[in-house]
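Chemist: Residue numbers (the numbering used here): 810 to 1279. Just so you know, even glycine gets a beta-carbon here, dropped at the ideal spot from N, CA and C.
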Ligand SMILES: Cc1cc2nc3c(=O)[nH]c(=O)nc-3n(C[C@H](O)[C@H](O)[C@H](O)COP(=O)(O)OP(=O)(O)OC[C@H]3O[C@@H](n4cnc5c(N)ncnc54)[C@H](O)[C@@H]3O)c2cc1C
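#1: Just how far apart, CA to CA, sit residue 1151 and residue 918?
#2: My parser needs the beta strand (DSSP E) runs of 3 or more residues fully inside the stretch 1097-1157; what are they?
#3: Is the stretch 1164-1176 touching the stretch 1200-1209, taking contact as three or more C-beta pairs under 8 Å?
#4: For the beta strand (DSSP E) containing residue 867, list its first residue and its last residue.
#5: Quick one: which unbroken alpha helix (DSSP H) runs of 4-plus residues sit fully inside the stretch 1180-1243? Chain order, please.
#6: Pair every Cβ in the stretch 1221-1233 with every Cβ in the stretch 1108-1126, then say whether three or more of these pairs are closer than 8 Å.
#7: For the pair the stretch 1080-1097 and the stretch 943-956, tell me if three or more CB-CB distances fall below 8 Å.
#8: Do you know offhand how far residue 861's Cα is from residue 1018's?
#9: Distance, Cα to Cα, residue 897 vs residue 1081?
#10: How about residue 977 and residue 930: do their beta carbons lie closer than 9 Å?
#11: Name the residue from 821, 834 and 1249 whose alpha carbon lies nearest to the alpha carbon of residue 1047.
#12: Hey, would you say the C-beta of residue 967 is under 8 Å away from at least one heavy atom of ligand 1?
#13: Can you grab the Cα-Cα spacing for the pair residue 959 / residue 922, in whole Å?
#14: What are the uninterrupted segments assigned as beta strand (DSSP E) that are 3 or more residues long and contained completely in the stretch 903-968, given in chain order?
#15: Tell me which residue opens and which closes the beta strand (DSSP E) that residue 1006 is part of.
#16: Drop a sphere of 10 angstroms on the beta-carbon of residue 1063, count the other beta-carbons inside from all chains shown, and report buried for 16 or more, exposed for fewer.
#17: I need the DSSP call for residue 901, collapsed to helix, strand or coil.
#18: Helix, strand or coil, according to DSSP, for residue 1091 in the structure here?
#19: Using the three-state DSSP reduction, which class does residue 892 fall into: helix, strand or coil?
#20: With a cut-off of 8 Å, do at least 3 Cβ pairs link the stretch 1265-1277 to the stretch 879-888?
#21: Looking at the secondary structure, which residues open and close the alpha helix (DSSP H) in which residue 1169 lies?
#22: Output the boundary residues of the alpha helix (DSSP H) element that contains residue 1026.
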């Protein structure tokens, strides 16, 4: 690969990088995607253990709309990538809920149902909730030049009950906030729409369906992808990136570079930046996730929900875990079986996944022996919390478990390179994708659109803006 030159180099073969690559390849541009690992998908990937495939990432594809719906992020995305709707095999959720002490709100892919749940549980807040929903519906949330503003303040203008406020923030933050305690109102609106106005769906075979589609499309257009090919440095001169130095020591050059490695991570690759550049913008939020494989379908235990966003404390706290490895007081429970896969279609085994916030530094400081011990401890602790929220709470899960696994912030860091294992990246997003270098742009998580659909849209919009129109 020595001394090769490309019109555009994309760093990272996650959802954003693959989507950007397809967009450029569709326009007949010369593009190469360079990925440090040997698998595509980035944060959203899958792996096999003893012949069993585990998804990492995909609980639910947000932004679901039925086929033929016009003008939504999902349909725009498919049109831009020239991918037919049916290829995604999207199967809608059964239904999900937000579970707080003494209060539950159920929702599905029909917003009117969620609205009726809010009206029932919070009769005095329903007018405010409707006003908030209307504001969120019409907000110009995709404005790349918008100045960030507080979502908490915006919600409090309409909602006065802190319980309802927290119940709305819990799913929205868990599925898309890189910021602690509060988030940008535009980002809140994007997530609120994608969860509640649109909804959740999943392909029967999980995230690999989406990754394979993107890879195949990119390849069919002649796009070049190089795996096990990390970028070690970005050489710079006079405010421009001049060359990319690979982990192997080889260099390549490019007119333009789109990086999906993260804002701070990308800055630190550049030779004109100090090693500790942009330290104030490193994400603080990381997560752990347990996966339990069951000997039967969750529905056989009466577990019919698709996703449960839970909080067991008096107030919902979305912030870095300070004094423990895991904060089990809130999290997300997901049953990938509980989608409407259609007659005769279902996963062969039952799956239960539990996500909670975790402290990156503490997990990374453990010795190998302690790491395994703590994983076992927290696995059990999270299963206990989960069972407490489900029917059949006294069930002995051990007798029905046929396999399990758990990832921690250490795993996220290893597989994505995200500093602090920050799944949602930097708290301050760079919406126009520009960096301190003229020909280096950001896409994906740190450009600001989160989740699978968000990351793909980000890749598309940055490729359009900076390469095709630039
Ligand atoms: C546990 C978990 C659950 C999630 N659940 C959902 C969900 O249910 N629904 C949803 O929509 N989203 C979910 N997400 C979020 C979603 O996975 C991400 O928002 C999305 O995948 C981000 O894509 P990206 O392309 O921006 O970044 P990434 O996936 O981080 O991709 C960046 C890529 O760049 C590569 N890279 C980094 N540095 C270098 C370098 N120097 N050289 C070469 N390559 C490099 C990395 O290896 C990686 O492959 C979840 C994430 C996690 C971890």
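Modeler: This is what the structure gives:
#1: 16 Å
#2: 1116-1120 and 1135-1143
#3: no
#4: Taken as a continuous stretch (DSSP letters only), residue 867 belongs to no beta strand (DSSP E), as it is neither H nor E.
#5: 1218-1225
#6: no
#7: no
#8: 16 Å
#9: 42 Å
#10: no
#11: 1249
#12: no
#13: 27 Å
#14: 905-909 and 912-916
#15: That residue, residue 1006, is in no beta strand (DSSP E); it is neither H nor E in DSSP.
#16: buried
#17: strand
#18: coil
#19: coil
#20: yes
#21: 1169-1174
#22: 1016-1029
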